[in-house]
Each structure stands twice: as C-alpha cells, then as structure tokens.
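Residue numbers (full-length UniProt numbering), protein chains in the order written: chain A, 1 to 140; chain Z, 1 to 140.
Even glycine gets a Cβ: it sits at the ideal position worked out from N, Cα and C.
This report concerns only the one structure given below.
Protein chains: 2
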Amino acid sequence: MTDLMRLFTRAHKLLRAATDEAMSRYGVRVGQNLVLEVLWEQDGLTPGELAERLGVATPTIVKSASRMATAGLVERRRDPTDGRLVRIHLTEHARSVQQDIARARADLAAHAFATLTAAERKHLESALVKIIDRMQSPAG
Amino acid sequence: MTDLMRLFTRAHKLLRAATDEAMSRYGVRVGQNLVLEVLWEQDGLTPGELAERLGVATPTIVKSASRMATAGLVERRRDPTDGRLVRIHLTEHARSVQQDIARARADLAAHAFATLTAAERKHLESALVKIIDRMQSPAG
DNA sequence: CGACTATCGATAGTCGGCTAACGAAAGGAC
DNA sequence: GTCCTTTCGTTAGCCGACTATCGATAGTCG
C-alpha cells in the first residue's frame with residue numbers, strides 16, 4: 001500500500017516538473033501560475049484571500065508575490081480604506097501572458113492524461129476526491 | 001482536465017503533511033524517512049547512490065544528510081579506498097526507530113486509502129503508472 | 001612522471017511550502 | 001478617548017526540491 005504512495009509522489013513530481021518547465025518559457029514559475037490563475041479571475045485580492053483560495057499559508061503568498069513583483073507580474077497597493085490590507089494587482093505583462101499560460105496548462109494536462117480513457121479519468125478523479133475527503137476529515 | 005491536476009496536487013499535499021506529522025513524533029521528517037528507508041535496506045551508501053535510488057538530485061541528499069547528522073540519525077564516513085566518496089551510515093538511534101517509522105508509514109497509507117475498494121486501488125495504481133510512463137517518455 | 005579528464009561531494013542561490021513571532025492598523029469596551 | 005483585542009501583512013527560519021559551480025580526488029594517456 002505504501003507503493004501506491006510512492007507512485008503518487010513520483011507522478012506528482014513529474015507533473016510538477018513538466019508544468020514548471022512549460023510555464024518557465026513565459027517567465028512564470030509553477031507556483032506563480034496558481035496565483036495568476038486566481039488574479040485573472042479577480043484582480044486586486046489580498047495575500048490572505050489568495051492564500052485561502054489556493055489552500056496555502058499566507059507567508060507563501062507574500063514571498064511568491066515579492067518574486068512576482070520583481071519579475072514585473074504584479075504590483076502591491078495599500079488598500080485606501082483599511083491600512084492593514086494590501087491589494088495585489090496584475091500588471092499589463094501578466095495579462096499579456098494569460099492565454100499562453102492557460103494553453104500551456106491545458107496542453108500539459110491533456111498530454112499527461114492522454115493515455116487514460118474517459119472511464120479511467122473518472123475513476124482517478126473519484127479516487128482523488130475520496131482520498132482528499134478522507135485526509136480532510138477531523139479524524140485526520 | 002486541469003481540475004484533475006488540482007485534485008492531484010491537493011491530495012498530494014494532504015498526504016505529505018499527514019506523513020510529516022506522523023513521522024515528526026519520532027524526530028524524523030518526511031524527506032528524511034525516505035533516506036532511512038533506503039539505508040535500512042542497505043547501510044553505508046554514498047550520497048550519489050541514495051540520490052539515484054530516490055530519484056532525487058545529489059544536493060538534496062547532501063543537505064538532508066547534514067540535517068540528519070545533526071539530528072543524530074546518520075554519520076558521514078570517508079571511503080577508505082576512494083577519497084572522493086562519502087559513505088552514510090545509520091546510527092543506533094536510527095535503527096531503533098525503524099519499526100516505529102515503518103508502522104507509521106503503513107498506518108498512514110492504510111488510513112488514506114481506507115475508503116477505496118480493492119478495485120479502486122487497482123484502478124488508481126494503473127492510472128498512476130500510466131501517467132508516470134507518459135511523463136517519463138522521451139516526448140516528455 | 002605529469003597533465004588532463006572524469007567523478008564525486010559540497011556550496012551557493014532559487015523556488016515553494018510550512019510555523020512562529022512581530023508590528024501596524026482597526027475596532028470595541030468601558 | 002483610551003486601552004485591549006483582533007486582524008492583517010511581514011519577517012525569520014526550517015524543510016525539501018532544483019541547477020550551476022567549485023574543489024578535491026582518481027584515473028588515464030602520453
């Protein structure tokens with residue numbers, strides 16, 4: 001049963017590496033693309049909101065956003081009405097690569113799951129959901 | 001199809017976090033337990049050999065081994081016949097927690113996959129293998 | 001024997017995840 | 001109107017993964 005775990009880890013690592021490589025061509029790293037996905041949907045979110053939507057800790061977003069700001073993908077702006085909040089906004093450049101990144105993402109998923117039949121994908125999805133539910137339940 | 005990817009990431013994260021928590025009770029972190037697994041099987045391997053068996057880059061092992069040495073889990077010894085090689089040996093303490101770690105690992109896997117039927121586990125395994133094969137193939 | 005090459009571990013620096021602790025701002029209670 | 005608490009983002013530091021580079025040692029070839 002632990003072999004299943006090993007397979008899981010191995011597959012995840014390969015997928016992540018391939019994603020990173022595909023995105024890197026557009027100057028976006030694998031973690032950054034997740035932030036962009038959310039901001040493309042709704043710009044000007046706070047680090048806390050981003051963290052919550054991505055299921056990640058706030059400092060992860062803060063660090064990532066700093067690198068993304070350096071890379072010219074986002075800008076930090078103080079909320080005018082609440083001085084505690086910081087709003088993260090996309091730059092023109094981030095908007096310009098949206099289609100490329102979305103396509104890269106879709107192509108990669110299509111490639112990764114290409115050898116699975118529709119039924120197998122359903123099975124995989126339901127298995128993943130079951131595992132997630134199981135691990136999220138209070139009993140841990 | 002990218003939802004499948006998201007589910008994958010989410011499940012992996014939950015599994016990893018739970019594993020780390022379970023191991024940490026015995027002073028072993030999630031990455032270190034992988035190194036121990038290999039060394040319990042064959043002690044005195046070099047960083048390069050460990051890296052190859054775990055499918056990981058050598059510096060990852062070097063850093064991990066340093067932390068494990070600090071934690072009293074392993075010792076570095078220079079190979080007597082080839083001065084380039086370093087051999088990593090388990091300490092008595094590392095051997096003493098072997099059963100605990102192995103059990104924790106097995107318990108966690110059992111728990112994670114408890115809500116899957118035998119057939120579903122088979123499906124999951126074959127899907128993972130297909131994905132791994134696909135991502136490893138030259139076409140990338 | 002001596003120089004060149006290959007091999008190997010270690011180091012530096014990046015990325016992305018975490019927890020713990022801190023500091024600034026907002027809001028409530030009195 | 002002042003404290004006190006809550007709510008934020010940030011910082012610091014750990015873990016684990018990577019690439020690129022360096023330094024030391026082995027091995028080979030002339």
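- Think of a sphere of 7 Å around the beta carbon of Thr58 (chain A): no beta carbon from chain Z falls inside it, the nearest being about 16 Å out.
- Excluding residues up to 5 positions away in sequence, nothing lies with its Cβ nearer than 8 Å to the Cβ of Thr70 (chain A) in the same chain.
- Counting only Cβ-Cβ distances below 8 Å, Met23 (chain Z) has no contacts in chain A at all, with the closest Cβ about 13 Å away.
- Residues of chain A with a Cβ closer than 8 Å to the Cβ of Leu116 (chain Z) are, in chain order, Ala127, Lys130, Ile131.
- Just so you know, the alpha carbons of Thr2 (chain A) and Ala106 (chain Z) end up roughly 6 Å apart.
- Under the Cβ criterion of 8 Å, Ala65 (chain Z) is not counted among the residues facing chain A.
- Contact check for Met135 (chain A) and Ala109 (chain Z): beta-carbon distance about 12 Å, past the 8 Å limit, so the pair fails to qualify.
- Under the 8 Å Cβ criterion, the region 8-22 of chain A counts as touching the region 7-19 of chain Z, having at least three qualifying pairs.
- The DSSP-derived three-state label of Val30 (chain A) is helix.
- Measuring C-alpha to C-alpha distances from Leu34 (chain A) to each of A:Leu15, A:Ser64, A:Leu14, A:Glu21 identifies A:Ser64 as the nearest.
- Comparing alpha carbon positions, the residue from A:Val30, A:His12, A:Trp40 closest to His93 (chain A) is A:Trp40.
- At the C-beta level, His89 (chain Z) and Gly44 (chain Z) come within 8 Å of one another.
- For a Cβ distance threshold of 8 Å, residue set Met1 of chain A lies close to Ala110 (chain Z), ordered along the chain.
- Take Ser24 (chain Z), set aside five residues on each side of it, and no residue of its chain has a beta-carbon closer than 7 Å to its own.
- Chain Z places a beta carbon closer than 8 Å to that of Glu120 (chain A), counting this residue as a contact.
- Linking Lys122 (chain A) to Ala57 (chain Z) through their CA atoms gives a straight-line distance of about 34 Å.
- The beta carbon of Met5 (chain Z) sits closer than 8 Å to some beta carbon of chain A.
- Interface with chain A (8 Å Cβ-Cβ cutoff): Ala11 (chain Z) is included.
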